[in-house]
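Here the protein sequences come in this chain order: A and B.
Throughout, the numbering used here is defined as the position within the first sequence, counted from one, plus 1116.
Throughout, the numbering used here is defined as the position within the second sequence, counted from one, plus 1116.
By construction, the Cβ of each residue, glycine as well, lies at the ideal position given by its N, Cα and C atoms.
Everything on this sheet refers to the single structure shown next.
Protein chains: 2
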Amino acid sequence: MANDHRPDTRRTLTLRDVSEASGVSEMTVSRVLRNRGDVSRSTRDRVMKAAKDLGYVPNKIAGGLASQRVNLVAVIIPSLSNMVFPEVLTGISQVLDDTGLQPVVGVTNYSPEREERVLYEMLSWRPSGVIVAGLEHSDAARAMLTNAGIPIVEIMDVDGPAIDSVVGISHHRAGQMMAQTILAAGYRRIGFLGTQMPHDHRARKRLEGFTAALAAAGLALEDREYYDGGSALLKGREMTQAILSRRPDLDFLYYSNDMIGAGGLLHCLDAGIDVPGRLGLAGFNGVELLDGLRVRLATMDACRLEVGRAAAEILTGKTADGRSSGVRIELTPRLDPGQTIRAPR
Amino acid sequence: MANDHRPDTRRTLTLRDVSEASGVSEMTVSRVLRNRGDVSRSTRDRVMKAAKDLGYVPNKIAGGLASQRVNLVAVIIPSLSNMVFPEVLTGISQVLDDTGLQPVVGVTNYSPEREERVLYEMLSWRPSGVIVAGLEHSDAARAMLTNAGIPIVEIMDVDGPAIDSVVGISHHRAGQMMAQTILAAGYRRIGFLGTQMPHDHRARKRLEGFTAALAAAGLALEDREYYDGGSALLKGREMTQAILSRRPDLDFLYYSNDMIGAGGLLHCLDAGIDVPGRLGLAGFNGVELLDGLRVRLATMDACRLEVGRAAAEILTGKTADGRSSGVRIELTPRLDPGQTIRAPR
DNA sequence: CCAAGGACCGTTAGCGGTAACATAGCGCAT
DNA sequence: ATGCGCTATGTTACCGCTAACGGTCCTTGG
C-alpha cells in the first residue's frame, strides 16, 4: 500500500483508447498525433479532441522502438556549477528548440570514469547525436563514440584530433595570446593561479600555451598557486593574498578562470593595490558576473553561446553544405583587456 | 552522402549478436547484462566478454517498452543560469546516483506554456517519477501530473496545495522572518529591489510575507525598483544607485535575490556608504558567491541541496515510512544576518 | 465511359527487449 | 529407484507504436 500509486483502476492510456474514442484505427490516430500522412480535416479534429479529452500522452518509448528513431541529443558536460556550461546549453537549446530534437544533459564532474558511464547510459537511449565537451576520452568511451553510428560533436576545444565533428576554440592559442598581450604591456614577473583539476584539459592547454609564449620571450612563471573546491570567489581572494605575501614582487597574476580572477581583483581593490599599474590581472571566460565589478577584469571570451549553437546546427544539418559529420569549426576568442592590464608600452 | 553516417555495413548491435557470439539464448544474455536471475559463473563471464568485445550497448528503448519500466526521473526547473537550481540538481543526483535512477532535466524559463510543453515531452518518456519546481501550474499541466500515475514531488515551495508530495520552505514565512529581523534592528524606511518576473511565484510570496510583516508593524515599503534580464550583479549595482538617488532617506534595502544584493553591496562599499549603520541590506538564497565579498551580505538559505536530496529520497522510497506519495516536508530556512544588518536594539 | 491517380484510411508485421512460464539436469533424502 | 527441489537455461508472448503496403472511394482527363 505504501508505494502503490494508482492501484490499477485507470491504466495508462494507449493509442487504442484514443482510437476507440474517436472511431478510427490506431494508425490514423498515430498519423494525426504525429502530423504525418494524409488525414481529412474532420477526422483530424475528431481525433485531436478525443486525445485531449482523454488526456492522452504518447509513449515515445514505443514510438522510438517502432520507428528506430529518437529525437534526443545527448549532451555531456563536466559541470553545471560554474556558469560556463549553462551558457553552452542555452546555445544548444536555442537551435534545437525548433527542430523537434531535445537535449538530454549528462554531467561528468571532470571524471573520465563518470564520462564513460554517462555516455554508456546515454547511448543506450539511442540518441540521434552526441555533443560532448572536450577531446580527451577513455579508450572505451572513444570506442563507443566511434561505433555509435550517429553524429558526434566534440566541443569547447580544437587542440587535438576529433572523432567526428568539432567546434571550439584553441585554448593553447588563447593562453598564448594572453601571454603576448601581457608581455607587450611590459609585465615580466608573472604568477599563475588555477584549479587543481588534472582532468580539466582546457585549463591545462591554456597554461601550456601561456608558458610557451613566456618561454619564447625568455621568461617563465615565477610562482603558482592552486586550489581545489569551495567558493571560487573566496578562493581567488585567499590565493591572491597568499601568492602576493609569498612573492610581493610579482607584477602580473594570470588566473585560470574568471571567478577566481574576480576574487583576486576584489582582494586587490580592498588592499589598495594599484591595478593595473603595479599589478596586472587577467582571467578567462568572459562571465557575465564581471560586469558588476567596479573594475573590469581582463578576460577572454570562450564563445560559449556560439559553440553551443554551432554544435546543434551541425547535428541538425544546418551547416553550409548540409553535412552533419566531419565538420570542423574553430572560433576565435576575443581578448577583452578590461581595466586590469595597462596599455602596451 | 552528406548526412549518411555509417552507410549500413555494420548495423547497430542487438542482444542476438551477443547471444550468437557467446552461444547462449538472448534471454540469458539479457539476464547477465541486467544482473538478474540465476546464471552460472562461467556463462556469465563468457557473455560479459562477448558483450564487451563486441562493444554492445543495451537498447533501453526496447527494454523499457518490454518491462514497462523506465529508470528516468523528470526534473523540471525554471532556469539553469542563476546558481540556485544546479545545487538542487546536485542534491538530486547525490541520492539518485546509487539507485539506478537517472534525472532528466527540463528547463521552463519561468514560462507556464513551456512548462506544459516540457512536461508533456517528459511524460511521453514514461519516467518513474517527476520532480517539478513550484506549486503553480497550468490546468493542463496539473491534469497531466495528476493522471500520470507516478509519484510527483513539487519542490522549493510549500505555500499552497500540493498535487502529491512536496518539499521546500515557506517563502511567505521567509519574507516575514526577514522583515521581523530588520524591524527588530530598528530599520524603518525600507525599499525593495527585485526582478520583473510575474511567474517567479516564490519571489512574489517572499515579498508578500515581507510586506505583511511590515504592515503588522504599521509600515509599508517606501519604494521599489525592478529589473529584467542582464547581469544580476550589475543590475543590482545600478538599481541600488537609482533607488538611493531617488530616496536617499531609505535605511534598508531588501533584495529578492543574492546576486542583485551582492551588486548593491558592492555599490555601497564603493560609494562609502556606512553599512549596516546608515543602510542595511539583505538578500535571499545563501549563494556561495557571497563568501568572496569583503562584507558578508545578510541572506536566507533556501536549503537547496537538502530540498533536492529529500525530493529524490521520496521518489526512491527512502522516507521514514517508505512512502513515495503524499509526503510533505517543510524545511526551515536559516537566516544569516551576515554583516549588513546591525544588531537588534 | 473508363483508366489513372490522388486522398484517405486500415492491416500486417515487426522494432529489441523482458515477464512469465516451461524445461532440463542434477543432488539427495526417502 | 523414485520423486522432490533447486539451479541454469530456453520458449513464448507480448509491450505500444510505426513503416510499408493495400484497399476503397472519388475525381478527372481523354
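- Between G1380 (chain B) and L1309 (chain B) a beta carbon distance of about 7 angstroms is seen, short of the 8 angstroms cut, so the two are scored as contacting.
- Within the DSSP secondary-structure output, F1400 (chain A) pairs in no beta bridge.
- Remark: C-beta atoms of T1456 (chain B) and A1414 (chain B) approach each other more closely than 8 angstroms.
- In the structure shown, L1205 (chain B) adopts helical secondary structure according to DSSP, grouped into three states.
- For the region 1125-1145 of chain A, the beta-carbon criterion of a distance under 7 angstroms to any beta-carbon of chain B is satisfied by T1128.
- The Cβ-Cβ distance between I1193 (chain B) and V1211 (chain B) does not fall below 8 angstroms.
- Under the Cβ distance rule, R1150 (chain B) does not count among the residues neighbouring chain A, no pair being separated by less than 8 angstroms.
- Straight across, the Cα-Cα distance linking Q1357 (chain A) with I1306 (chain A) is about 15 angstroms.
- For I1177 (chain B), a Cβ of chain A is located within less than 8 angstroms of the residue's own Cβ.
- Judged by DSSP secondary structure, Y1343 (chain B) falls outside any alpha helix (DSSP H) and instead within the beta strand (DSSP E) spanning 1339-1343.
- Any Cβ of chain B closer than 8 angstroms to the Cβ of D1275 (chain A) would place that residue at the interface, and such an atom is absent.
- Here DSSP, grouped into helix, strand and coil, assigns Y1172 (chain A) to coil.
- Under the Cβ criterion (8 angstroms, minimum of three pairs), the region 1223-1232 of chain A does not count as touching the region 1224-1243 of chain B.
- Close to R1353 (chain A), with beta-carbon spacing below 7 angstroms, are these residues of chain B in chain order: G1408.
- For a cut-off of 8 angstroms, the C-beta gap from V1221 (chain B) to L1188 (chain B) is around 11 angstroms, too long to register as a contact.
- With at least 16 other beta carbons inside 10 angstroms of its own, P1267 (chain B) counts as buried.
- Between the region 1395-1412 of chain B and the region 1345-1365 of chain A, the count of C-beta pairs closer than 8 angstroms reaches three or more; the two stretches touch.
- The three-state secondary structure of S1281 (chain A), taken from DSSP, is strand.
- Only residues of its own chain outside the window of five on either side were considered, and among them A1301 have a CB closer than 8 angstroms to the CB of A1459 (chain B), listed in chain order.
- S1227 (chain B) has a beta carbon lying at 8 angstroms or more from every beta carbon in chain A.
- Residue-level contact by beta carbon holds for P1174 (chain B) and chain A, with a gap shorter than 8 angstroms.
- When the alpha-carbon of T1128 (chain A) is set against those of B:S1244, B:P1174, B:L1131, B:P1202, the nearest one is in B:S1244.
- Between Q1210 (chain A) and chain B, the shortest Cβ-Cβ separation is not below 8 angstroms.
- Per the coordinates, the alpha-carbon of Q1184 (chain A) lies some 54 angstroms from the alpha-carbon of D1452 (chain B).
- Residue burial annotation: D1154 (chain A) is exposed, with fewer than 16 other C-beta atoms found within 10 angstroms of its C-beta.
- Here L1369 (chain A) carries a strand assignment [DSSP, helix/strand/coil].
- Two segments are said to touch when three or more pairs of C-beta atoms, one from each, lie closer than 8 angstroms; by this definition the region 1414-1428 of chain B does not touch the region 1339-1347 of chain B.
- For Q1455 (chain A), no CB of chain B lies under 8 angstroms from its own CB, so it is not counted at the interface with that chain.
- By DSSP's assignment, Q1218 (chain A) forms a beta bridge with A:L1188.
- Around the beta carbon of G1250 (chain B), a 10 Å sphere encloses 16 or more other beta carbons of the protein chains shown; the residue is thus reported as buried.
- Under the rule that a run must span 3 or more residues, the beta strand (DSSP E) segments found entirely inside the region 1254-1316 of chain B read 1268-1273, 1281-1285, 1306-1311.
- With contacts defined by Cβ atoms closer than 8 angstroms, S1286 (chain B) and A1319 (chain B) do not form a contacting pair.
- Contact note: E1404 (chain B) reaches chain A through S1347, using a C-beta cutoff of 7 angstroms and chain order.
- Against chain B, a Cβ distance below 8 angstroms from M1164 (chain A) picks out nothing, because the smallest value is about 14 angstroms.
- Residue pairing of R1444 (chain A) in beta bridges, as defined by DSSP: A:V1282.
- For the region 1189-1206 of chain B, the set of residues with a beta-carbon nearer than 7 angstroms to any beta-carbon of chain A comprises L1196, S1197, P1202, L1205, in chain order.
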